[in-house]
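If you're matching positions, the sequence shown starts at 9 in the working numbering and goes up one per residue.
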Amino acid sequence: MAADRQRADKLWGGRFTEGTDPGAARFTASLGFDRRLWAQDITGSIAWAAALRRTGLLTEDERRAIVDGLHAVRAEIEGGRFPFRPELEDIHTNIERRLTELAGPVGGKLHTGRSRNDQIALDERLYLREAVGRIDEGLRRSQAALVERAEETVDAPMPGYTHLQRAQPIVLAHHLLAYVFMFQRDRERFADGRARADVLPLGSGALAGTGFAIDREALARDLGFAATSANSLDAVSDRDYLAEFLSAAAITGVHLSRLAADLTLWATAEFGFVEFSDAFATGSSIMPQKKNPDVAELIRGKSGRLAGNLVALLTTLKGLPLAYNSDMQEDKEPFFDSVDTLEAILGVLPPLLASLTFHTERMRQAAGEHFATATDLADYLVRKGLPFREAHEIVGRVVLHASRSGATLEGLPLEELRRFSPLIGSDVKDALGVEASLRARAVTGGTAPAAVAQALATARALITPP
Ligand code: ARG
Numbered sequence: 009m010a011a012d013r014q015r016a017d018k019l020w021g022g023r024f025t026e027g028t029d030p031g032a033a034r035f036t037a038s039l040g041f042d043r044r045l046w047a048q049d050i051t052g053s054i055a056w057a058a059a060l061r062r063t064g065l066l067t068e069d070e071r072r073a074i075v076d077g078l079h080a081v082r083a084e085i086e087g088g089r090f091p092f093r094p095e096l097e098d099i100h101t102n103i104e105r106r107l108t109e110l111a112g113p114v115g116g117k118l119h120t121g122r123s124r125n126d127q128i129a130l131d132e133r134l135y136l137r138e139a140v141g142r143i144d145e146g147l148r149r150s151q152a153a154l155v156e157r158a159e160e161t162v163d164a165p166m167p168g169y170t171h172l173q174r175a176q177p178i179v180l181a182h183h184l185l186a187y188v189f190m191f192q193r194d195r196e197r198f199a200d201g202r203a204r205a206d207v208l209p210l211g212s213g214a215l216a217g218t219g220f221a222i223d224r225e226a227l228a229r230d231l232g233f234a235a236t237s238a239n240s241l242d243a244v245s246d247r248d249y250l251a252e253f254l255s256a257a258a259i260t261g262v263h264l265s266r267l268a269a270d271l272t273l274w275a276t277a278e279f280g281f282v283e284f285s286d287a288f289a290t291g292s293s294i295m296p297q298k299k300n301p302d303v304a305e306l307i308r309g310k311s312g313r314l315a316g317n318l319v320a321l322l323t324t325l326k327g328l329p330l331a332y333n334s335d336m337q338e339d340k341e342p343f344f345d346s347v348d349t350l351e352a353i354l355g356v357l358p359p360l361l362a363s364l365t366f367h368t369e370r371m372r373q374a375a376g377e378h379f380a381t382a383t384d385l386a387d388y389l390v391r392k393g394l395p396f397r398e399a400h401e402i403v404g405r406v407v408l409h410a411s412r413s414g415a416t417l418e419g420l421p422l423e424e425l426r427r428f429s430p431l432i433g434s435d436v437k438d439a440l441g442v443e444a445s446l447r448a449r450a451v452t453g454g455t456a457p458a459a460v461a462q463a464l465a466t467a468r469a470l471i472t473p474p
């Protein structure tokens with residue numbers, strides 16, 4: 009008797025004589041994570057009911073009864089009154105079952121010509137569309153916060169690094185804007201992926217196409233899709249739209265992580281370039297003096313799972329025969345986790361950036377130390393006609409000499425400099441300062457304040473709200 013009731017709960021009870029093992033039911037259930045697709049599932053069902061109506065499979069009264077029932081289900085879920093039943097496997101079954109309870113047997117007509125295989129593919133694409141919108145806005149706000157800090161620091165010199173060794177002076181705005189342009193490409197990657205996912209899978213049925221004369225183009229229009237899938241096997245079995253999303257998310261995570269790593273490094277006593285506000289730092293339970301950059305560290309840390317989620321999905325899909333396989337149910341947790349992780353990071357990053365205190369005096373001082381303008385001395389000699397390789401060699405010797413005597417390049421007397429090359433004249437002093445070094449890099453994309461001001465204008469145009 010109990011088994012009968014259990015079988016009757018299932019969408020596929022007819023063929024079975026035994027109920028599902030409770031452990032197996034728990035193991036296969038997806039409700040715990042796919043319930044967040046409820047709104048997309050209802051949207052898809054309302055459109056599907058209209059499509060069934062257009063083919064004459066539903067009367068107008070039936071369609072209306074179904075749509076009213078779906079609205080009632082939506083109200084229950086929104087009001088926290090919906091009786092979620094894990095034993096009903098997934099969100100699709102939960103909604104359909106409740107619809108039938110509320111609207112009567114007509115609810116049983118909704119699934120005509122539809123499969124959970126094309127249904128889930130639809131739900132995911134609808135969800136992706138909205139998630140990308142939110143992530144784009146989070147990235148835009150992060151860019152805006154960086155641009156704002158860049159506005160203040162176009163003339164603020166700091167050391168630029170390669171190999172984490174002081175290399176050449178740059179301005180702080182230049183460093184910050186680098187991330188604005190990375191985030192821009194991230195936004196473009198998400199938008200590209202969304203455009204490719206803008207294809208209606210519904211009407212593909214389980215795998216071979218629905219058996220009813222559904223007007224899929226009208227359905228695509230109703231659901232706001234740009235196109236209709238051309239191959240039903242492809243439509244129900246590929247998850248490349250999720251892989252693209254997760255790939256864009258993983259790359260974005262790398263950018264976020266590097267920004268967080270820069271800030272964490274700059275906040276050390278050794279660098280002393282930046283201080284986090286109390287609101288975005290935490291203390292130590294044992295060391296009273298500590299101020300830890302936890303938020304930045306966790307931005308860096310959480311980006312690891314963004315990479316992991318991409319690998320998880322690709323590994324799950326690889327080697328699956330066409331068309332649908334239950335393995336594909338495993339696509340949702342990595343997808344949702346990356347959405348949540350990115351949204352969480354992008355929620356906290358803009359205010360964190362806004363509340364940083366940059367120690368620009370300390371940066372300015374560091375920018376001039378450790379022979380940061382050695383390249384400028386070599387460039388000076390090149391301007392006097394020396395081949396760059398020779399100039400490089402000469403300046404290398406100057407640096408060796410100066411470092412032995414504890415002098416700076418600017419501090420070396422002219423006569424001493426001239427011992428290395430007679431081409432060096434009194435005008436060399438103009439080339440060796442930090443400001444001169446910066447000014448010299450006025451190419452498009454360079455760190456000269458004038459060039460950075462131009463990049464800033466480009467960046468500003470990227471963050472105009474939609
Ligand atoms: N929960 C399933 C998934 O997420 C929905 C599609 C199930 N289809 C099936 N025939 N079991 O992939």
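Note that the Cβ used here is the ideal one computed from N, Cα and C, for glycine as well. Computed from a predicted model, the values in this text were never measured in an experiment.
Tell me which same chain residues have a C-beta within less than 7 Å of the C-beta of residue i, skipping the five on either side of it?
| i | result |
| --- | --- |
| residue 178 | 166, 168 and 455 |
| residue 116 | 108 |
| residue 280 | 367 and 370 |
| residue 249 | 133, 136, 201, 204 and 205 |
| residue 288 | 303, 360 and 363 |
| residue 344 | 41 and 44 |
| residue 105 | 96 |
| residue 275 | 282, 283, 284 and 301 |
| residue 123 | 213 and 214 |
What does DSSP give as the partner residue(s) for residue i in the beta ladder?
| i | result |
| --- | --- |
| residue 166 | 178 |
| residue 173 | 170 |
| residue 208 | 236 |
| residue 300 | 290 |
| residue 480 | Coverage of the chain is limited to positions 9 through 474, which leaves residue 480 absent and any answer about it impossible. |
Can you name, in chain order, every residue of its own chain whose Cβ lies under 6 Å from the Cβ of residue i, other than the five neighbours on each side?
| i | result |
| --- | --- |
| residue 418 | 440 |
| residue 9 | Any reading at residue 9 must be qualified, since the residue scores a pLDDT of 47, below 50, and its modelled position is unreliable; no value is offered. |
| residue 201 | 252, 253 and 256 |
| residue 299 | 289 |
| residue 331 | 215, 241, 244 and 245 |
| residue 378 | 174 |
Using C-beta distances below 8 Å, list every residue in its chain close to residue i, excluding the 5 sequence neighbours before and after it, in chain order.
| i | result |
| --- | --- |
| residue 443 | 165 |
| residue 310 | 261, 349, 352 and 353 |
| residue 231 | 51, 52, 55, 130, 134, 208 and 210 |
| residue 472 | none |
| residue 49 | 99, 100, 103, 127 and 131 |
| residue 400 | 386 |
| residue 270 | 183 |
Could you tell me if the beta carbon of residue i falls within a distance shorter than 7 Å of some heavy atom in the ligand ARG?
| i | result |
| --- | --- |
| residue 340 | yes |
| residue 334 | yes |
| residue 248 | no |
| residue 297 | no |
| residue 125 | yes |
| residue 128 | yes |
| residue 345 | no |
| residue 242 | no |
| residue 42 | yes |
| residue 6 | The structure shown does not extend to residue 6, since the chain is modelled only from 9 to 474, so the question has no answer here. |
| residue 212 | no |
| residue 245 | no |
| residue 38 | yes |
| residue 98 | yes |
My assumption, with CB atoms under 8 Å, is that residue i sits in contact with residue j. Please give the rounded CB distance.
| i | j | result |
| --- | --- | --- |
| residue 128 | residue 198 | Rounded, the Cβ-Cβ distance is 21 Å, inconsistent with contact. |
| residue 120 | residue 60 | 6 Å |
| residue 452 | residue 459 | 6 Å |
| residue 394 | residue 420 | Going by Cβ atoms, the distance from residue 394 to residue 420 rounds to 18 Å, so no, they are not a contact pair. |
| residue 240 | residue 219 | That pair is no contact at about 11 Å. |
| residue 150 | residue 301 | No, residue 150 and residue 301 are not in contact; Cβ-Cβ is about 17 Å, not under 8 Å. |
| residue 114 | residue 73 | 5 Å |
| residue 450 | residue 384 | That pair is no contact at about 13 Å. |
| residue 467 | residue 188 | 5 Å |
| residue 389 | residue 434 | Going by Cβ atoms, the distance from residue 389 to residue 434 rounds to 15 Å, so no, they are not a contact pair. |
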